[in-house]
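Student:
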Amino acid sequence: MSMRNNPSASDDWLNNLPASHADYLSYNKITLGRHPSAFLVYANEIKFIKQVPKNIQHIEYSFLFWLQQLQLIPESSLHMPEELKLAKPDLLTARPDLLVTSKLEGDEFSKANLLTHLPSINKALIYIHKLVHLDTLPKGMFLPKKHDLPIDIDEVAPRFRKQFVDAKINIDKQGAILALVHGDLSVGNILFNNNNSVSNQNAINIGLIDWEYVAIRDCRWDLATLAIEFDLSTGEFEALCRNYVEQRELSEIKESDFIQVAKSWLVVYAITCLSWAKEHAQDTNRYIQFLRQLKN
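Residues are numbered in our numbering as their position in the sequence shown, beginning at 1, plus a constant of 295.
#1: When you compare only the Cα positions, how much space is there between residue 337 and residue 368?
#2: How far does the alpha helix (DSSP H) with residue 587 in it reach, from first residue to last?
#3: If I'm right that residue 342 touches residue 397 with Cβ under 8 Å, what's the distance once you round it to whole angstroms?
#4: Beta-carbon within less than 6 Å of residue 439's beta-carbon, same chain only, minus the 5 sequence neighbours each way: which residues are those?
#5: Candidates 352, 314, 381 and 560: which alpha carbon is nearest residue 471's?
#6: Roughly how many whole angstroms lie between the Cα atoms of residue 258 and residue 322?
#7: Which term fits residue 416, buried or exposed, when burial requires 16 or more other beta carbons within 10 angstroms of its beta carbon?
#8: Please report the distance separating the alpha-carbon of residue 446 from that of residue 577.
#9: Considering only residues of the stretch 503-581, which uninterrupted beta strand (DSSP E) runs meet the minimum length of 3 residues and lie entirely inside it, listed in chain order?
#10: So the beta strand (DSSP E) residue 474 belongs to, where does it begin and stop?
#11: Whole-angstrom Cβ separation of residue 380 and residue 399, contact assumed at under 8 Å?
#12: Using DSSP with H/G/I as helix, E/B as strand and the rest coil, what is residue 398?
#13: State buried or exposed for residue 464, treating a residue as buried only when at least 16 other CB atoms are found within 10 Å of its CB.
#14: Less than 7 Å between C-beta atoms, sequence neighbours within five positions excluded: which residues of the same chain meet that for residue 455?
#15: Would you call the stretch 499-517 and the stretch 419-428 touching, i.e. three or more CB-CB distances under 8 Å?
#16: To the nearest angstrom, report how far apart residue 329 and residue 376 are at their CA atoms.
#17: Excluding five sequence neighbours on each side, which residues of the same chain lie with their C-beta closer than 6 Å to the C-beta of residue 525?
#18: Can you tell me whether residue 392 is buried or exposed? The criterion is at least 16 other CB atoms within 10 Å of its CB, across all chains shown.
#19: Mind pulling the alpha helix (DSSP H) runs of 4 or more residues that sit fully within the stretch 446-485?
#20: How long is the line joining the alpha carbons of residue 351 and residue 543, rounded to whole angstroms?
#21: Using DSSP's beta-bridge definition, name the partner residues of residue 343.
#22: What did DSSP end up calling residue 358 once you bin it into helix, strand or coil?
#23: So, residue 513 versus residue 473, is the Cβ gap smaller than 8 Å?
#24: Assign residue 333 to one of two classes, buried (16 or more other C-beta atoms within 10 Å of its C-beta) or exposed (fewer than that).
#25: Considering only the beta carbon of each residue, do residue 486 and residue 404 sit closer than 8 Å?
#26: Excluding the 5 residues preceding and the 5 following residue 413 in the sequence, name in chain order all residues of the same chain whose CB lies nearer than 7 Å to its CB.
#27: Determine the direct distance from the alpha carbon of residue 324 to that of residue 482, and round the result to whole angstroms.
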């Protein structure tokens, strides 16, 4: 990371900020996905900023503002867990290409963190997932994909098409458990730190960031994301699913059926990522290896 007092020519996206945000003392460029990002350092605070297309800015701002509003409704049936931390949006109306929020403190989640704190991450996800039942969802913000898969058969490599079709049949047969999913639970999008305000020594704060793929989909999409992005074994993934079912109290579905469909979502997620990686000239080996393991 590099700290500078003024943007250089290569950092034009940080030039011409509105007066309300232009008085930063320095900035700290960071690597976060495919969008240019930085921390803006002010006298009394640090803000996160990234350059995104207008539609992504709209999605993330709408979602974060909506979550803030939900916390102001005391009679709400869904209360945000103490463990879950979300960035506060800081609207930049004069720059539709920039997203500004508060900075969330924490370190990147690791596989060891995930396996140690399954109840905490599932508790945070279940809160988000259950929000799909509220009738206050911002109109036009989410793509209501519901049962639809994020990839068509024509986009699937021939050697994985049978695997994809079998997974689709299983998903369609069992039906979806609709949820408001984060959609992109990669390693860099989950932050954690110790939660000293809770007596439980194993409790932590979970910070979720980067909401551009938030959507309405089967809740097992997020669980499949965690499995592949954190390279979980079959046994570790089943433990994640069992804990999710137990905490969410899904009495209407058998645990074994939940896990079976979750494994089909593993196939769909891996093939979706494989297709994306090919299209963007990224490494495909990890997804190919994962699909081979599932096939065997």
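Just so you know, even glycine gets a beta-carbon here, dropped at the ideal spot from N, CA and C. Small disclaimer: the values here were computed from a predicted structure and weren't measured.
Tutor: Quick look at the numbers:
#1: 31 Å
#2: 580-590
#3: 6 Å
#4: In this prediction, residue 439 scores a pLDDT of 49, lower than 50, which makes its location untrustworthy; no coordinate-derived value is stated.
#5: 560
#6: The shown model of the chain, from 296 to 591, leaves out residue 258, and the question about it has no answer.
#7: buried
#8: 18 Å
#9: 510-513
#10: 473-476
#11: 6 Å
#12: coil
#13: exposed
#14: 566 and 586
#15: yes
#16: 30 Å
#17: 406 and 409
#18: exposed
#19: 456-469
#20: 30 Å
#21: 334 and 396
#22: helix
#23: yes
#24: buried
#25: yes
#26: 534, 535 and 538
#27: 19 Å
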